[in-house]
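Beneath this line is the structure, given in structure tokens, with notes to follow.
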Amino acid sequence: MTYSLALLPGDGIGVEVIDETLPLLEDVADTHGFSVETERYDWGSQRYLEEGAMMPDDATDILEGYDAILLGAVGHPDIPDHVTLRGMMLPIRKTFNQQVCKRPSVLFDGVESPLRGYDGDDIDFVVYRENTEGEYADIGGHEHHGFGHEVAVQTAVFTRKGTEDIVRAAFEEATERDGKLTNVTKSNAQAYGMVFWDEIVDEIAADYPGVEVERLLVDAASMDLVRRPDEFDVIVASNLFGDILTDIGAIVSGSMGLAPSANINVEGEYPSMFEPVHGSAPDIAGDGIANPLATVLSISMLYDHLGETAAASTLWDAVETQLADSDAPRTPDLGGDARTSAVVADLRDRL
Ligand code: NAD
Ligand code: IPM
Ligand code: MN
Numbered sequence: 600m601t602y603s604l605a606l607l608p609g610d611g612i613g614v615e616v617i618d619e620t621l622p623l624l625e626d627v628a629d630t631h632g633f634s635v636e637t638e639r640y641d642w643g644s645q646r647y648l649e650e651g652a653m654m655p656d657d658a659t660d661i662l663e664g665y666d667a668i669l670l671g672a673v674g675h676p677d678i679p680d681h682v683t684l685r686g687m688m689l690p691i692r693k694t695f696n697q698q699v700c701k702r703p704s705v706l707f708d709g710v711e712s713p714l715r716g717y718d719g720d721d722i723d724f725v726v727y728r729e730n731t732e733g734e735y736a737d738i739g740g741h742e743h744h745g746f747g748h749e750v751a752v753q754t755a756v757f758t759r760k761g762t763e764d765i766v767r768a769a770f771e772e773a774t775e776r777d778g779k780l781t782n783v784t785k786s787n788a789q790a791y792g793m794v795f796w797d798e799i800v801d802e803i804a805a806d807y808p809g810v811e812v813e814r815l816l817v818d819a820a821s822m823d824l825v826r827r828p829d830e831f832d833v834i835v836a837s838n839l840f841g842d843i844l845t846d847i848g849a850i851v852s853g854s855m856g857l858a859p860s861a862n863i864n865v866e867g868e869y870p871s872m873f874e875p876v877h878g879s880a881p882d883i884a885g886d887g888i889a890n891p892l893a894t895v896l897s898i899s900m901l902y903d904h905l906g907e908t909a910a911a912s913t914l915w916d917a918v919e920t921q922l923a924d925s926d927a928p929r930t931p932d933l934g935g936d937a938r939t940s941a942v943v944a945d946l947r948d949r950l
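Quick note, this note's numbering runs 599 ahead of the 1-based positions in the sequence shown.
Below, the structure is given as structure tokens:
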């Protein structure tokens, strides 16, 4: 079996973590009897500075034929973020209808949480984030620039289809994990979109009587992710809330450099995209010290999505074993002094 994979390293440490982890991706394919043909597209901020656009006009036509996409990160300190992200990444998520964003937060054995009293495996939850609409809908406007009556409107959009799809995906995951679902909204203040979302959760819950449903407001959920992260299992949330909660999830489980994610096109008519949760990290870009493990875990999720479950487990387990080994190299975000390349070299040895 041969899979085709589009690589979009993007910007900053995105380029470093994709370049460094690529050999690992290929090793694992070899040892599991399949192959991956990768094509690299150097789209991103450098291209924008040189040519005025992050991606070519036909970027999504080019990407559409691939089995999956692996993205590094997008964002450059000299270009406004809304230009770079709306020029790359956000349009891919939307055009390919990658409605389900799945983001696990696991405190691995051997990793220290900034929260007191948690050991390896105490924290293990997954956020199902709606990924193509909600607060990220590109609907609104900004006019009368510079006048006293200047106005900006940004409309959040909640469709029945989009909401049902993410909520159902989260219930399926909760069923598989034999666990609990926490629905996070802000229905006390947002009486249309968020109340609609809650109603859909109630409707779909009827199909999953075995899943316990907890309901939290997003402010309290943010507090509880710090106060009692061990009690969460599956969280379902809107686009913006899911974005914020997954940064909290990443850091309570040790580092932004350990958090993977999958942007999934549920119907399978378009490629899904896999990426670390973190950004281009301009503060450490070019230093060669970015933690590559979020990307390795994202590749594991990619292989799982392609049905290569053994390869997916091999990668996930290698990361787990490496982190549990106190003699293994670690990047500075995990308290070590190793370089990105040393962490990957050690992982390759383990494989
Ligand atoms: P960031 O995730 O890039 O960095 C936040 C902090 O975490 C920084 O201190 C950084 O050094 C650290 N960090 C992140 N990843 C790390 C890794 N792998 N190893 C070690 N440390 C790591 O978030 P930010 O600073 O808010 O954003 C920087 C740029 O990235 C902005 O332009 C933003 O819009 C963009 N961004 C892009 C994505 C994406 O492409 N998926 C995600 C988030 C932010
Ligand atoms: C993420 C990022 C993006 C998001 C930004 C860069 C638009 O923060 O993937 O978490 O909010 O989705
Ligand atoms: Mn984010």
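C-beta: ideal position from N, C-alpha, C; glycine also.
How close, in whole Å, do the beta carbons of G856 and N890 come, if the pair is a contact with beta carbons under 8 Å? In the sequence shown, counting from the first residue as 1, residue 856 sits at position 257. In the sequence shown, counting from the first residue as 1, residue 890 sits at position 291. Yes, they are in contact, since the Cβ atoms of G856 and N890 sit about 3 Å apart, within 8 Å.
Taking 7 Å as the cut-off, is the beta-carbon of G878 closer than that to any non-hydrogen atom of the ligand IPM? For the purposes of this step, residue 878 is taken as the residue at position 279 of the sequence shown. Within the cutoff, so yes.
Please determine whether the Cβ atom of P655 lies at a distance below 7 Å from any heavy atom of the ligand NAD. As a first step, residue 655 must be located in the sequence shown, where it is residue number 56. Every heavy atom of the ligand NAD is 7 Å or more from the Cβ of P655, so no.
On the criterion of 16 or more Cβ atoms from any shown chain inside 10 Å, does N864 qualify as buried, or is it exposed? Counted from its first residue, the sequence shown places residue 864 at position 265. Per the 10 Å Cβ criterion, buried.
On the DSSP bridge list, what partners appear for L670? Counted from its first residue, the sequence shown places residue 670 at position 71. L607.
Please confirm if the region 627-644 is in contact with the region 690-705, defined as three or more CB-CB distances below 8 Å between the two stretches. no
With a CB to CB cut of under 7 Å and the five nearest residues on each side skipped, what residues in its chain are close to N696? Your numbering for residue 696 matches position 97 in the sequence shown. Taken in chain order, the residues that qualify are T731, N864 and Y869.
Rank V616, A911, N787 and D610 by C-alpha distance to the C-alpha of D677 and give the top, closest one. Start at 1 with the first residue of the sequence shown, and residue 677 comes out as number 78. The option with the nearest alpha carbon to D677 is D610.
Which of helix, strand or coil does DSSP assign to Q645? Reading the sequence shown from its first residue, position 46 is the one you call residue 645. Three-state result, Q645: helix.
Could you tell me the alpha carbon to alpha carbon distance between R929 and G935, rounded to whole angstroms? By one-based count along the sequence shown, residue 929 stands at place 330. By one-based count along the sequence shown, residue 935 stands at place 336. Going from the Cα of R929 to the Cα of G935 covers about 5 Å.
Determine the contact status of M917 and L896, defining contact as a CB-CB distance below 8 Å. One-based indexing of the sequence shown puts residue 917 at position 318. One-based indexing of the sequence shown puts residue 896 at position 297. It is Ala, not Met, that sits at residue 917 in the sequence shown. Not in contact: A917 and L896 (Cβ atoms no closer than 8 Å).
Beta carbon of L684, beta carbon of G671: below 8 Å? As a first step, residue 684 is located in the sequence shown; it is residue number 85 there, counting from the start. As a first step, residue 671 is located in the sequence shown; it is residue number 72 there, counting from the start. Taking 8 Å as the cut-off, the beta carbon of L684 is found no closer than this to the beta carbon of G671.
Indicate the three-state DSSP secondary structure (helix, strand or coil) for E904 in the structure shown. Here residue 904 corresponds to residue number 305 of the sequence shown, with the count starting at 1. The residue you asked about is not Glu; residue 904 is His in the sequence shown. Of the three classes helix, strand and coil, the one that applies to H904 here is helix, per DSSP.
For F633, which residues in the same chain have their Cβ closer than 8 Å to its Cβ, ignoring the five residues on either side in sequence? Along the sequence shown, read from residue 1 onward, the residue named residue 633 stands at position 34. Correct list, in chain order: M600, T601, Y602, E907 and A910.
3-residue-minimum beta strand (DSSP E) runs that sit fully inside the region 760-808, ordered along the chain: 779-784
Excluding five sequence neighbours on each side, which residues of the same chain lie with their C-beta closer than 6 Å to the C-beta of S837? Here residue 837 refers to the residue found at position 238 when the sequence shown is read from its first residue. Cβ within range, chain order: E729 and G733.
If we count the other Cβ atoms within 10 Å of its Cβ and call it buried at 16 or more, is D842 buried or exposed? Translated into positions along the sequence shown, residue 842 becomes position 243. With 16 or more neighbouring CB atoms inside 10 Å of its own CB, D842 falls in the buried class.
Could you tell me the boundaries of the alpha helix (DSSP H) in which I888 lies? By 1-based counting over the sequence shown, the position of residue 888 is 289. From DSSP, I888 is part of no alpha helix (DSSP H); its letter is neither H nor E.
CB-CB under 7 Å to A941, same chain, minus the five flanking residues each way: which ones, in chain order? Locating residue 941 in the sequence shown gives position 342, counting from the first residue. Once the five neighbours on either side are set aside, the close Cβ partners of A941 are P928.
Ordered along the chain, which non-local residues of its own chain (more than five positions away) have a Cβ less than 8 Å from that of S852? Residue numbering aside, residue 852 sits at position 253 when the sequence shown is read from its first letter. Result list for S852: S704, V705, L706, F707, V710, S712, I722, P828 and A858, in chain order.
Using the beta-carbon count (16 or more within 10 Å), is M872 buried or exposed? On the sequence shown, position 273 is the one that residue 872 refers to. By the 10 Å Cβ count, M872 comes out buried.
For K541, count neighbouring Cβ atoms within 10 angstroms of its own Cβ and tell me buried if that reaches 16, exposed if not. Nothing can be reported for residue 541: it is not among the residues displayed for the chain, which extend from 600 to 950.
How would you call D718, buried or exposed, if buried means at least 16 neighbouring beta carbons within 10 angstroms? The residue given as residue 718 occupies position 119 in the sequence shown. Under this definition D718 is an exposed residue.
At which residues does the alpha helix (DSSP H) containing W633 begin and terminate? Taking the sequence shown and counting its residues from 1, one reaches residue 633 at position 34. Checking the sequence, you will find Phe at residue 633 rather than Trp. Per DSSP, F633 belongs to no alpha helix (DSSP H) and is neither H nor E.
Comparing the CB of P881 with every heavy atom of the ligand NAD, is any distance shorter than 7 Å? Within the sequence shown, numbered from 1, the residue matching residue 881 stands at position 282. Flag set: Cβ of P881 near the ligand NAD.
Can you list, in chain order, the residues of its chain whose CB lies under 8 Å from that of L816, leaving out five sequence neighbours each side? For the purposes of this step, residue 816 is taken as the residue at position 217 of the sequence shown. Counting only Cβ-Cβ distances below 8 Å, and skipping sequence neighbours, we find V783, T784, K785, S786 and N787.
Distance check for G740 and T758, CA to CA, integer angstroms please. Reading the sequence shown from its first residue, position 159 is the one you call residue 758. Reading the sequence shown from its first residue, position 141 is the one you call residue 740. Straight-line Cα distance between these residues: approximately 20 Å.
Closest to P881 by CA distance: which of P608, A605 and I612 is it? For the purposes of this step, residue 881 is identified with residue 282 of the sequence shown, where counting begins at 1. In this structure, I612 is the residue among P608, A605 and I612 with its C-alpha nearest to the C-alpha of P881.
Apply the 10 Å Cβ neighbour rule to R692 and answer buried if 16 or more other Cβ atoms are within range, or exposed otherwise. Numbered from its first residue, the sequence shown carries residue 692 at position 93. Per the 10 Å Cβ criterion, buried.
Using the rule of at least 16 other Cβ atoms within 10 Å of the residue's Cβ for burial, across every protein chain shown, is T754 buried or exposed? To locate residue 754, count along the sequence shown from 1; it is residue 155. T754 should be labelled exposed.
Counting C-beta neighbours from all protein chains within 10 Å, is the total for R938 16 or more, i.e. buried, or is it exposed? The sequence position of residue 938 within the sequence shown is 339, counting from 1. Result: buried.
So within the region 656-722, which uninterrupted beta strand (DSSP E) runs reach at least 3 residues, ignoring any that extend past its ends? 667-672 and 699-705
With burial defined as no fewer than 16 other Cβ atoms inside 10 Å of the residue's Cβ, what is the status of L885: buried or exposed? The residue you call residue 885 lines up with position 286 of the sequence shown. The identity of residue 885 in the sequence shown is Gly, whereas the question assumes Leu. Exposed is the call here.
By Cβ distance, which residues of its chain are closer than 8 Å to D666, with the 5 residues on each side in sequence left out? Your numbering for residue 666 matches position 67 in the sequence shown. Counting only Cβ-Cβ distances below 8 Å, and skipping sequence neighbours, we find Y602, S603, L604, P870 and L905.
Under 8 Å, do I990 and T762 count as touching if we go by C-beta distance? With the chain running from 600 to 950 in the structure shown, residue 990 is simply not present.
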